[in-house]
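Q:
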Amino acid sequence: MNERVAIVGVGWAGFRPATPELSYKELMYDAAVRAYTDAGVNPRRDVESFVTVAEDFHEGVSIFDEYVPDQLGAALKSMQTICGDGLHGLATAYMLVRTGQFDIVAVEGHSKASNLLTKDEVTAYAQDPVLNRPLRFNTHFVAGMEMNRYLYETGTTRAQCAAVVVKNRFNALANPSAAYGADLALEDVLSGPMLSTPLGRREVADHADGAITMVLASEQAAQHLTDIPIWIEGVGWCNDSPSLESRPWGQALYTTQAAQMAYRQARINNPLQVIDFAEVDDIYAYKELQTLEALGFFRPGEAGELTADGFTTPAGELPVNVSGGSLGWGHLFEATGLARALEVVLQLRGEAGVRQLEDVEVGLVQSWRGIPTTSGAVAILSN
Amino acid sequence: MTLLKRNPKAPQAWQGNLPVTSRYTFGLGGERFFRAIKDEGKILGTHCPKCERTYVPGTIFCERCLGKLDEWVDVGTTGNVHTFTLLYENYDGSPREEPEIIAFVSFGDGGIVHRLGEVDAEEVEIGMEVEIVFKPQSEREGSILDIAHFRPII
Ligand SMILES: [Zn+2]
Numbered sequence: 015m016n017e018r019v020a021i022v023g024v025g026w027a028g029f030r031p032a033t034p035e036l037s038y039k040e041l042m043y044d045a046a047v048r049a050y051t052d053a054g055v056n057p058r059r060d061v062e063s064f065v066t067v068a069e070d071f072h073e074g075v076s077i078f079d080e081y082v083p084d085q086l087g088a089a090l091k092s093m094q095t096i097c098g099d100g101l102h103g104l105a106t107a108y109m110l111v112r113t114g115q116f117d118i119v120a121v122e123g124h125s126k127a128s129n130l131l132t133k134d135e136v137t138a139y140a141q142d143p144v145l146n147r148p149l150r151f152n153t154h155f156v157a158g159m160e161m162n163r164y165l166y167e168t169g170t171t172r173a174q175c176a177a178v179v180v181k182n183r184f185n186a187l188a189n190p191s192a193a194y195g196a197d198l199a200l201e202d203v204l205s206g207p208m209l210s211t212p213l214g215r216r217e218v219a220d221h222a223d224g225a226i227t228m229v230l231a232s233e234q235a236a237q238h239l240t241d242i243p244i245w246i247e248g249v250g251w252c253n254d255s256p257s258l259e260s261r262p263w264g265q266a267l268y269t270t271q272a273a274q275m276a277y278r279q280a281r282i283n284n285p286l287q288v289i290d291f292a293e294v295d296d297i298y299a300y301k302e303l304q305t306l307e308a309l310g311f312f313r314p315g316e317a318g319e320l321t322a323d324g325f326t327t328p329a330g331e332l333p334v335n336v337s338g339g340s341l342g343w344g345h346l347f348e349a350t351g352l353a354r355a356l357e358v359v360l361q362l363r364g365e366a367g368v369r370q371l372e373d374v375e376v377g378l379v380q381s382w383r384g385i386p387t388t389s390g391a392v393a394i395l396s397n
Numbered sequence: 061m062t063l064l065k066r067n068p069k070a071p072q073a074w075q076g077n078l079p080v081t082s083r084y085t086f087g088l089g090g091e092r093f094f095r096a097i098k099d100e101g102k103i104l105g106t107h108c109p110k111c112e113r114t115y116v117p118g119t120i121f122c123e124r125c126l127g128k129l130d131e132w133v134d135v136g137t138t139g140n141v142h143t144f145t146l147l148y149e150n151y152d153g154s155p156r157e158e159p160e161i162i163a164f165v166s167f168g169d170g171g172i173v174h175r176l177g178e179v180d181a182e183e184v185e186i187g188m189e190v191e192i193v194f195k196p197q198s199e200r201e202g203s204i205l206d207i208a209h210f211r212p213i214i
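Chains A and B, in that order, are what the protein sequence lines are.
328 is the number that this note's numbering gives to position 314 of the first sequence; each next residue is one higher, with no gaps.
206 is the number that this note's numbering gives to position 146 of the second sequence; each next residue is one higher, with no gaps.
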């Protein structure tokens, strides 16, 4: 057994609304080589196992794991592709090291969203084929109905959700990797067109292309590789009942459960006291508020008001999505969870540039797999 | 390589697609649920006595205790709007002038997602009582589309 596991290298390419000059393999290669260089490892010699996350319909090929080994340096090595968010991939890579089976493992996630020309239909294909898909609703309706119920149950307002958009897109201006930075007023968000009431078009993250690779190592291996290992203190993941007919519409219980699993492992009883900052789901603006409550930072109904008051700005008491989040850098498909983890690693290393937070020691990462899923994961990282 | 360094005469991309057609068997639970809609205009759920929950649509197992369910119950055709939305995009992402009015209506401890009709969009609210409008029996095929829509109970 390897008791402790650290992230010892990160590399990323993008994030941009489109990358027409690159193939997805070149995008993945770029990120991977940067991560191996950052970790100071030779992928062909030192990295023992590889994990990637992908969804065939997003990639445009069947059996996508066959398209992975070459660009990551994983040919003739142990590797696996899992169908989940990047944070599920991070949890899997963590376990591969933790078991003692391997000492150095790489995990990769990517998005070539600009190549998928029928995104809405592909997402709709995830709807229940018998009960829901015959109705031919755009899948955003699931978010609209969830947001409506969340606002109803908690008293949260549309303006408080819009405050998430203003904050995150402003944060993105300080992140050179974020494509959607903007200085907006609340009114700019609220006056936009409706998508699926009460959800407005401008409260939804646009897509982006990008790739992220991370290198994980056992404590012993990490000592030889880096002076600033970022420790994975806890991981958790959970799926709720997925059907639209039996899920709780107002709450993200899967995130609550995933967090409790991660908190238990990291021995955290009071998250707000211990955790210095967080990168959490904001694919839809209301999700950030719902998630912060599900994570136990705030009670139901508190997150909106606190966000409007600046509690979660970079200068606030709990900075949330300092990177700009999905609203700021774009929806990166399965790479989303790794993009959130990337920001936490950079902040904990003190390498976040102009958006660097002061004196941070513990960061939380949470990710959701998007509509129509009830699938989430949480990781606690420390320096 | 940046976009500027790219050879503008190079071929850029290839397009491909895939016809995907699948058969989705309803299963024992689904067959009974849809047959009741088609033949009788009824919504059936299944009750788990152990968990005191009624699943709608009826299923043959309880997702809580994983016990087998065989107690089928008629849950009626009226329910309350648990949540709803006005959707301004079509299936393929193209914009809609007039929104689809969609509701999740509670039946038992589950419910049904469908269109809401015969109502002004501004009048829809959470908690509102609605009923199921079925298509005429001769047009029903045994699918979720045998339900035409929900409408408010006046
Ligand atoms: Zn039961």
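For each residue, glycine too, the CB sits at the ideal point set by N, CA and C.
#1: For E201(B) and chain A, any beta-carbon pair shorter than 8 Å?
#2: May I have the straight-line CA-CA distance separating L205(B) from P314(A), to the nearest angstrom?
#3: Helix, strand or coil for A27(A), going by three-state DSSP, please let me know.
#4: Please report whether the beta-carbon of D134(A) lies at a distance below 8 Å from any beta-carbon of chain B.
#5: From this set, M208(A), H124(A), V249(A) and S381(A), which residue's C-alpha is nearest A32(A)'s C-alpha?
#6: Whole angstroms are fine: how far does the CA of E158(B) sit from the CA of S260(A)?
#7: Assuming A236(A) and V376(A) are in contact, meaning their beta carbons sit under 8 Å apart, how far apart are those beta carbons, in whole angstroms?
#8: Using a Cβ cut-off of 8 Å (strictly closer), state whether V190(B) contacts chain A.
#9: CB G351(A) to CB N189(A), shorter than 8 Å?
#10: Can you give me the C-alpha to C-alpha distance between L145(A) and P117(B), rounded to a whole angstrom?
#11: Taking the beta carbon of E69(B) as the centre, do at least 16 other beta carbons fall within 10 Å, making it buried, or is it exposed?
#12: Starting from W343(A), trace the alpha helix (DSSP H) in both directions and tell me its first and last residue.
#13: Heavy atom of ligand 1 less than 7 Å from the Cβ of G127(B), yes or no?
#14: Using only the alpha-carbon positions, how far apart do V47(A) and E167(A) sit?
#15: Quick check: the Cα distance between F312(A) and L306(A), rounded to an integer number of angstroms?
#16: Answer yes or no: does any C-beta atom of chain B fall closer than 8 Å to that of G158(A)?
#17: Expressed to the nearest angstrom, what Euclidean distance is found between the alpha-carbon atoms of E348(A) and E91(B)?
#18: Applying the criterion that 16 or more other CB atoms from any shown protein chain within 10 Å of the CB defines a buried residue, is I297(A) buried or exposed?
#19: Considering only C-alpha positions, which residue in the set A89(A), M109(A), D117(A) and M161(A) is nearest to F164(B)?
#20: For F144(B), which residues in chain A fall below 8 Å Cβ to Cβ?
#21: Using 8 Å as the threshold, is the segment 66-79 of chain A in touch with the segment 198-209 of chain A, meaning 3 or more CB pairs across them?
#22: Could you name the residues of the segment 207-229 of chain A whose beta carbon sits closer than 9 Å to any beta carbon of chain B, in the order they occur along the chain?
#23: Mind checking whether the beta-carbon of K110(B) lies closer than 7 Å to any heavy atom of ligand 1?
#24: Give me the Cα-Cα distance between E233(A) and Y139(A), rounded to the nearest whole angstrom.
#25: For G100(A), list the residues DSSP reports as bridge partners.
#26: Between the Cα of E183(B) and those of I161(B), A96(B) and H107(B), spot the shortest distance and give me the residue it belongs to.
#27: For the alpha helix (DSSP H) containing R48(A), list its first residue and its last residue.
#28: Quick test of the definition: if touching needs 3 or more C-beta pairs under 8 Å, does the segment 125-143 of chain B touch the segment 91-111 of chain B?
#29: Report all residues from its chain with a CB closer than 7 Å to the CB of I96(A); omit the five preceding and five following residues, and keep chain order.
#30: How would you call N335(A), buried or exposed, if buried means at least 16 neighbouring beta carbons within 10 angstroms?
#31: Confirm the yes/no value for this check: CB of R124(B), any heavy atom of ligand 1, distance under 7 Å.
#32: So which residues on chain A does V116(B) lean against when the C-beta distance must stay under 8 Å?
#33: Could you tell me if D323(A) is buried or exposed, where buried requires 16 or more neighbouring beta carbons within 10 angstroms of its beta carbon?
#34: Less than 8 Å between CB atoms is the rule here; does F291(A) satisfy it with respect to chain B?
#35: Using a C-beta cutoff of 8 Å, does H174(B) count as contacting chain A?
#36: Would a C-beta distance cut-off of 8 Å place G168(B) and T114(B) closer than the cut-off?
A: A quick look at the data gives this:
#1: As a position in the second sequence, residue 201(B) is number 141, starting the count at 1. E201(B) is outside the set of residues whose beta carbon lies under 8 Å from a beta carbon in chain A.
#2: As a working mapping, residue 205(B) is identified with position 145 in the second sequence. As a working mapping, residue 314(A) is identified with position 300 in the first sequence. CA-CA distance, L205(B) to P314(A), rounds to 37 Å.
#3: Translated into the one-based positions of the first sequence, residue 27(A) becomes position 13. Three-state result, A27(A): strand.
#4: Your numbering for residue 134(A) matches position 120 in the first sequence. Taking Cβ atoms only, chain B reaches closer than 8 Å to D134(A), which makes this a yes.
#5: Here residue 32(A) refers to the residue found at position 18 of the first sequence. Closest option to A32(A), Cα to Cα, is H124(A).
#6: Reading the first sequence from its first residue, position 246 is the one you call residue 260(A). Reading the second sequence from its first residue, position 98 is the one you call residue 158(B). About 29 Å.
#7: Translated into the one-based positions of the first sequence, residue 236(A) becomes position 222. Translated into the one-based positions of the first sequence, residue 376(A) becomes position 362. Not quite, the Cβ-Cβ distance comes to about 18 Å (not below 8 Å), so this is no contact.
#8: Walking along the second sequence from the start, residue 190(B) turns up at place 130. Judged by the 8 Å Cβ criterion, V190(B) is not in contact with chain A.
#9: Position 337 of the first sequence holds residue 351(A). Position 175 of the first sequence holds residue 189(A). Contact flag unset, no.
#10: Stepping through the first sequence from its first residue, residue 145(A) is reached at position 131. Stepping through the second sequence from its first residue, residue 117(B) is reached at position 57. Between L145(A) and P117(B), the alpha-carbon positions lie close to 9 Å from each other.
#11: In the second sequence, counting from the first residue as 1, residue 69(B) sits at position 9. Residue identity differs from the one stated: residue 69(B) is Lys in this sequence, not Glu. With fewer than 16 other Cβ atoms within 10 Å, it is exposed.
#12: On the first sequence, residue 343(A) is found 329 positions in, with the first residue counted as 1. Element bounds for W343(A): G339 to W343.
#13: Position 67 of the second sequence holds residue 127(B). Yes; taking the cut-off as 7 Å, the Cβ of G127(B) has a heavy atom of ligand 1 nearer than that.
#14: Position 33 of the first sequence, counted from the start, is the residue given in the question as residue 47(A). Position 153 of the first sequence, counted from the start, is the residue given in the question as residue 167(A). Distance between the alpha carbons of V47(A) and E167(A) is about 47 Å.
#15: For this step, residue 312(A) is matched to residue 298 along the first sequence. For this step, residue 306(A) is matched to residue 292 along the first sequence. For F312(A) and L306(A), the distance between alpha carbons rounds to 6 Å.
#16: In the first sequence, residue 158(A) corresponds to position 144, counting from 1. At least one chain B Cβ lies under 8 Å of G158(A).
#17: The count along the first sequence starts at 1 and reaches residue 348(A) at position 334. The count along the second sequence starts at 1 and reaches residue 91(B) at position 31. Straight through space, the alpha carbons of E91(B) and E348(A) are spaced by roughly 35 Å.
#18: Taking the first sequence and counting its residues from 1, the one referred to as residue 297(A) is at position 283. Classification for I297(A): buried.
#19: The count along the second sequence starts at 1 and reaches residue 164(B) at position 104. Checking every option, the nearest Cα to that of F164(B) belongs to M161(A).
#20: The residue you call residue 144(B) lines up with position 84 of the second sequence. Correct list: M159 and N162.
#21: no
#22: P207, M208, L209, S210, T211, P212, L213 and R215
#23: Start at 1 with the first residue of the second sequence, and residue 110(B) comes out as number 50. Because some heavy atom of ligand 1 lies under 7 Å away, the Cβ of K110(B) counts as near it: yes.
#24: Locating residue 233(A) in the first sequence gives position 219, counting from the first residue. Locating residue 139(A) in the first sequence gives position 125, counting from the first residue. Roughly 43 Å separates the two Cα atoms.
#25: For the purposes of this step, residue 100(A) is taken as the residue at position 86 of the first sequence. None; G100(A) has no bridge partner.
#26: Numbered from 1 along the second sequence, position 123 holds the residue referred to as residue 183(B). Here the closest residue by C-alpha is I161(B).
#27: For the purposes of this step, residue 48(A) is taken as the residue at position 34 of the first sequence. Taken as a continuous stretch (DSSP letters only), the alpha helix (DSSP H) holding R48(A) covers Y38 to A53.
#28: The segment 125-143 of chain B is in contact with the segment 91-111 of chain B.
#29: Position 82 of the first sequence holds residue 96(A). Within the same chain, I96(A) has close Cβ partners V65, V67, H102, G103 and T106.
#30: On the first sequence, residue 335(A) is found 321 positions in, with the first residue counted as 1. Buried: at least 16 other Cβ atoms inside 10 Å.
#31: For the purposes of this step, residue 124(B) is identified with residue 64 of the second sequence, where counting begins at 1. Yes, Cβ of R124(B) sits closer than 7 Å to a heavy atom of ligand 1.
#32: On the second sequence, residue 116(B) is found 56 positions in, with the first residue counted as 1. Here the neighbours are E259.
#33: The residue you call residue 323(A) lines up with position 309 of the first sequence. Exposed is the call here.
#34: Sequence index remark: in the first sequence, residue 291(A) carries index 277 (1-based). Not an interface residue.
#35: For the purposes of this step, residue 174(B) is taken as residue 114 along the second sequence, with counting starting at 1. Closer than 8 Å: yes.
#36: As a first step, residue 168(B) is located in the second sequence; it is residue number 108 there, counting from the start. As a first step, residue 114(B) is located in the second sequence; it is residue number 54 there, counting from the start. In contact: G168(B) and T114(B) (Cβ atoms closer than 8 Å).
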